[in-house]
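Numbering-wise (the numbering used here), the sequence shown opens with residue 4 and increments by one.
Every residue gets a Cβ at the ideal spot worked out from N, C-alpha and C, and that includes glycine.
First up is the structure itself, then whatever we jot down about it.
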Amino acid sequence: MDRPLFVRLVPDIPPEWEAEVDLRLLADVAETALSREGWQGPVEVDVTLVDDAAIQELNARYRGVDAATDVLSFPLLDSSGTEDAFVLPPGELRQLGDIVISLPRATAQAAEYGHSRQRELAYLFVHGLLHLLGYDHESLAEREAMRAKEETALAALGLTR
Numbered sequence: 004m005d006r007p008l009f010v011r012l013v014p015d016i017p018p019e020w021e022a023e024v025d026l027r028l029l030a031d032v033a034e035t036a037l038s039r040e041g042w043q044g045p046v047e048v049d050v051t052l053v054d055d056a057a058i059q060e061l062n063a064r065y066r067g068v069d070a071a072t073d074v075l076s077f078p079l080l081d082s083s084g085t086e087d088a089f090v091l092p093p094g095e096l097r098q099l100g101d102i103v104i105s106l107p108r109a110t111a112q113a114a115e116y117g118h119s120r121q122r123e124l125a126y127l128f129v130h131g132l133l134h135l136l137g138y139d140h141e142s143l144a145e146r147e148a149m150r151a152k153e154e155t156a157l158a159a160l161g162l163t164r
């Protein structure tokens, strides 16, 4: 029997930033995006907010790019985004991976694009989530498909540009 989708976020947010992040909104974004992808059952996503120096260090270490970025994803699924790296009993919580977001970069991008920081955080989160599911944006076709999925999920929650 299929189990309803339930998303558990595991946040790692510095105390001074906790009031600036709407975790319920991020969980809603995850549930919306995952349900549109046909996911069911309980899933877990870790979300970490860092500064530009920390994300630059992670980007250099794991991607070989010595520059700050807005979001990084570290999937625990196989490259197709469908199979767990570890065998799980049926109905067990599936850990999708980690999403790391630079809050200063999200703040700057929100101002640049003329929308709220919450909308930008939601966008970066769904972008990272889709990477956890195996989506990428190396080609124009991949980029357009991924952007459509991001915008559809955000629009369902009233988070339009």
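- Excluding sequence positions up to five before and after arginine 146, its CB lies within less than 8 Å of the CB of His140, all in the same chain and listed in chain order.
- DSSP places leucine 12 inside the beta strand (DSSP E), whose first and last residues are 9 to 15.
- In this structure, Ile104 is the residue among Gly41, Ala111 and Ile104 with its C-alpha nearest to the C-alpha of glutamine 59.
- In this structure, valine 68 and leucine 37 do not form a Cβ contact; the two beta carbons are roughly 28 Å apart against a cut-off of 8 Å.
- Just so you know, the alpha carbons of alanine 71 and aspartate 55 end up roughly 6 Å apart.
- DSSP places arginine 97 in the uninterrupted beta strand (DSSP E) bounded by 97 to 105.
- When C-alpha distances from alanine 30 are compared across Leu12, Pro45, Trp20 and Glu23, the shortest belongs to Leu12.
- Beyond the five residues adjoining it in sequence on each side, glycine 131 comes within less than 6 Å, by CB distance, of Val74, Ser76 and Ile102 in the same chain, given in chain order.
- Only exposed fits tyrosine 116, as fewer than 16 other CB atoms lie within 10 angstroms of its CB.
- Residue nearest to leucine 52 within the set Pro18, Ala114, Pro78 and Leu8 is Pro18 (criterion: CA-CA distance).
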